[in-house]
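Trainee:
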Amino acid sequence: MISYFAPIFLLHNLSLLIFILHYYFQSGTVIVEAVRCYSCANDFIVWHWRHFFLKRNYGITASDQSCAKSDYTPEITQFCPSTCFIMYLNGTNRHSGMVTVLGTVRGCSSQFLTSDQHSQLGLGPHSRVSQIGNYLPSDFDMYDITEHWCFCSSDQCNEKSCFKANLYSESTSKRRQHFFDKYFSTDASNQATLSYYLIIYMLSAIVL
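Take the position in the sequence shown, starting the count at 1, then add 473; the result is the number in our numbering.
1. Please check the pair Pro554 and Ala507, which I expect to be a contact at CB under 8 angstroms, by giving their CB distance rounded to whole angstroms.
2. Thr429 to Val578, Cα distance in whole Å?
3. I need the straight-line Cα distance from Ser588 to Phe526, nearest angstrom please.
4. Considering only DSSP beta bridges, list what Tyr511 is partnered with.
5. Around the C-beta of Gln604, are 16 or more other C-beta atoms found within 10 angstroms, so that it is buried, or is it exposed?
6. What's the C-alpha gap between His524 and His621?
7. Excluding the 5 residues preceding and the 5 following Ser512 in the sequence, name in chain order all residues of the same chain whose CB lies nearer than 8 angstroms to its CB.
8. Measuring CA to CA, which of Pro598, Gly595, Ser583 is closest to Cys510?
9. When DSSP builds the beta bridges, which residues end up paired with Asn563?
10. Val602: which of Ser611, Ile618, Gly595 sits nearest, CA to CA?
11. Would you call the CB atoms of Ala514 and Ser536 closer than 8 angstroms?
12. Quick check on the DSSP output: the alpha helix (DSSP H) that includes Ser582 runs from which residue to which?
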């Protein structure tokens, strides 16, 4: 099968192939390989959505209290052109040290997060002190609240196992995330240009 297509990649055909690819991508048609992501959120996240996500919630129509369970498999999945993510919002009691899971959300990064929110984050786990406490009633003053995010790039990967840091290589994560970030842009030409140069690079490698 491979030998059948080999003549296409000969040097004297390469310029024509590049021309066809250039015309195709400049037309604005882009094919993005998608992964399937679990999609769910519990009541706490849905009620305080705007404090975590700048994009409106069009993907989750109802809260799901089972979303926080480590062995839970949500019924809803969505095709995603970027990465999948899972976020646990944990509250640590300042007096007893007991940790309570306040909120959990899973979904597609490019659907819920803007490029600014997602910038500088590679695949794997990331934690930060949450600012949500500034907007909560005094009942939550007893907690130190932390957001635990994890990003992954395979089908239905946004579950608790995502937080196993040894699954990811730092150099690979940063390199892959650079390409994922391009798909957060609303400019389709940026996506087309990126895909175009990736294919040209691969063709050059084959010929050389």
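Think of the CB as a built atom: it goes at the ideal place given N, C-alpha and C, for glycine as much as any other residue.
Mentor: The relevant details are as follows:
1. If you number the sequence shown from 1, residue 554 lands on position 81. If you number the sequence shown from 1, residue 507 lands on position 34. Sure, about 5 angstroms apart at Cβ, within 8 angstroms.
2. Nothing in the structure corresponds to residue 429, since the chain is present only between 474 and 681.
3. Within the sequence shown, the letter at position 115 stands for residue 588. Within the sequence shown, the letter at position 53 stands for residue 526. Cα to Cα, Ser588 sits roughly 11 angstroms from Phe526.
4. Within the sequence shown, numbered from 1, the residue matching residue 511 stands at position 38. Answer by DSSP bridge pairing, in chain order: Thr550.
5. Here the question's residue 604 lines up with position 131 in the sequence shown. Classification of Gln604: exposed, given that the 10 Å Cβ count is below 16.
6. One-based indexing of the sequence shown puts residue 524 at position 51. One-based indexing of the sequence shown puts residue 621 at position 148. Going from the Cα of His524 to the Cα of His621 covers about 15 angstroms.
7. The sequence position of residue 512 within the sequence shown is 39, counting from 1. Here the set comprises Gly532, Ile533, Pro547, Ile549, Thr550, Gln551, Arg579, Gly580, Cys581.
8. Numbered from 1 along the sequence shown, position 37 holds the residue referred to as residue 510. Cys510 has its Cα closest to that of Ser583, out of Pro598, Gly595, Ser583.
9. What you label residue 563 is simply residue 90 of the sequence shown in a count that begins at 1. Asn563 is bridged to Val574, Thr619.
10. Sequence index remark: in the sequence shown, residue 602 carries index 129 (1-based). When only C-alpha atoms are compared, the closest one is Ile618.
11. Numbered from 1 along the sequence shown, position 41 holds the residue referred to as residue 514. Numbered from 1 along the sequence shown, position 63 holds the residue referred to as residue 536. Yes. Within cutoff.
12. In the sequence shown, residue 582 corresponds to position 109, counting from 1. Unbroken alpha helix (DSSP H) run through Ser582: 582-585.
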